[in-house]
Structure formats: C-alpha cells, structure tokens
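Reminder that position 140 of the sequence shown reads as 140 in the working numbering, one-by-one numbering, no gaps.
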Amino acid sequence: MAKHILVIENESSLARLIESELVQESYLVSVFEDGFSGLVNIRQIEPDALIISSSISDLTAIDICRRLRTTGNPVPILYIDKDTTPQKQAAALEAGADAYITTPISLDLILAHIKVFLRRNDSEDASRILVFSDVTLSHYSRTVYRGGHELALTAKEFDLLAYFLEHPKEALKKSQIIDAIWSYDCDLGHESNVLQFYICSLRKKMEYGQRERLIHTIRGFGYILKTAARGRSRNSLSLALA
1 MAKHILVIEN ESSLARLIES ELVQESYLVS VFEDGFSGLV NIRQIEPDAL
51 IISSSISDLT AIDICRRLRT TGNPVPILYI DKDTTPQKQA AALEAGADAY
101 ITTPISLDLI LAHIKVFLRR NDSEDASRIL VFSDVTLSHY SRTVYRGGHE
151 LALTAKEFDL LAYFLEHPKE ALKKSQIIDA IWSYDCDLGH ESNVLQFYIC
201 SLRKKMEYGQ RERLIHTIRG FGYILKTAAR GRSRNSLSLA LA
C-alpha cells in the first residue's frame, strides 16, 4: 500500500515541485495551501508523514506542530523555512517538528528525510502494542483483545480506544478527545453527541461478557480509562464516576 504524504505549502510553484517529486517516488500526495485546511485533513487522511512550510499565513507552522503534538498525533513532520538561525530551528523542533530544512530546498534531502520517517514508522508500528488491564491493542495488526477475545471495532472505535489507552487513568475533556479523534473544525455541541454515540458503542463491545467497566464518565467534564475502584474515598465522590 502506497504511503500518503500531506503537504502544507501556500507557494503553488514550490508545492507542485514537491508533489511531482513525491509522486515520481510512488507516494500518494495531498497538498493544502493553508494551515487550517491542512490541520483538519491531517485527522481525516491520517498521513504517514507531513511536510509543512513556514510561509503559510492563517496558522503558523509552529502552532500546527504544537497542536498536533499536544493532542498526541505522532505523524513525522518535516519543517521548511527560509530562516537559517539556530533559534528558529530550535523553536520548530521544540514545537514538535522531526526535521528542519531551509530554502532553497533540496528535493533529494526532502526525499531522504521522508524515507527515514517511513522506515521509523514501520519499525515503531511493528512493536507498538498498548495494554491496560485485560485489554491489548496492536497498531500493527489493528486488532483489539479483551480477556483473550477479539473485539470487532470500527476504525473510529479503534482510534478512540487507542487514545484512551495512550492516556490511562487520565481525566480527558470531551473537547480534548474530539480534537484528537475528529478534527479542530467542529461544532462542539454536535460533536459531543457524536462522541457520546461512539463511547456508548465502544462500551457495549468492550463490556459484552465482562464484569468490569473501564471507560467511565466524569459528569460535566469528560471520560477516564480506569479500573473499578475497590472502595470509594471522599475525594472520589466529587468525580461522580459513572
């Protein structure tokens, strides 16, 4: 299956040049001219790598890197900038970029970075297994088991459970989960209903034939992945876990 590269670049000539080179290497390529569209489509496309230029104006490239990392998105990021100062390079890397190159660009260097990213992805995916209680999730095989029984999850249910498994015992806001699983371009009121639907569906599949609930509701706040408490302390009462 061809690897998918997403490019955010508002200079059309440079975007076409990068796209043409990547297509010649048999990659699927999606190009967006503004940061907001690129950010939304990263969640929908789930690319294998991201190339982003600092020339975009609606959202800074630094801000996009930071938003992706804040929500736990691990997509490898190649950052392009005309600024050669160590301070700017450090800022981009600290925000979440994996590599930084300056203009005028070298297409050979871009391809080399992309190949390194993809090799690293393949290596990490092969060994990336998340475990909590009696639940085991494999990113490589896209399978989930609970108590030794495989769960038939939809793609969104899988992504939702993976996010919980990446943040065990952490109180997660509804908006935080929505940003991570859907997109930044959403009506929170509408998406909250969508989130509730998927939580209910995921719970039914996870709890079938099981005695313990793992995904709990924190009323007025969001959700948490935790094992059932053996006893309730005074502090736990305020969380109103369901």
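All C-beta atoms in this analysis are idealised placements derived from N, C-alpha and C, irrespective of residue type, glycine included.
C-alpha distance - T102 paired with S53, whole-angstrom precision: Their Cα atoms are separated by approximately 10 Å.
Buried versus exposed call for I8 [16 or more other C-beta atoms within 10 Å across all chains shown]: Under this definition I8 is a buried residue.
Rounded C-alpha distance that separates Q44 from L6: So the alpha carbons of these two residues sit roughly 11 Å apart.
Nearest neighbour of D48, chosen from Q24, L78, T60, G147 [CA to CA]: Considering only alpha carbons, the answer is L78.
Whole-angstrom C-beta distance between L151 and K226, which should lie under 8 Å: Between L151 and K226 the Cβ distance is about 19 Å, and since that is not below 8 Å, they are no contact.
Buried/exposed call for E170, threshold 16 Cβ in 10 Å: The C-beta of E170 has fewer than 16 other C-beta atoms within 10 Å across all chains shown, which makes the residue exposed.
Local conformation of A49 per DSSP, three classes: Three-state DSSP puts A49 in a strand.
Under the three-state DSSP convention, the category G35 falls into: Helix at G35.
Contact test: L137 Cβ vs the ligand PLP heavy atom, cutoff 6 Å: Ligands displayed in this structure: none; no statement on the ligand PLP is therefore possible.
Three-way DSSP call (helix, strand, coil) for Y223 in this model: Note: Y223 maps to strand in three-state DSSP.
Enclosing alpha helix (DSSP H) for V23 [first to last residue]: Start and end: 12-24.
Nonlocal neighbours in the same chain, by C-beta distance under 6 Å from V31, ignoring five residues either side: Apart from the 5 residues on each side of it in sequence, V31 sits with its Cβ closer than 6 Å to the Cβ of V7, A15, E19 in its chain, given in chain order.
Neighbourhood of R69 by C-beta distance below 6 Å, restricted to the same chain and skipping five residues each side: So the list reads G96, once near-sequence residues are dropped.
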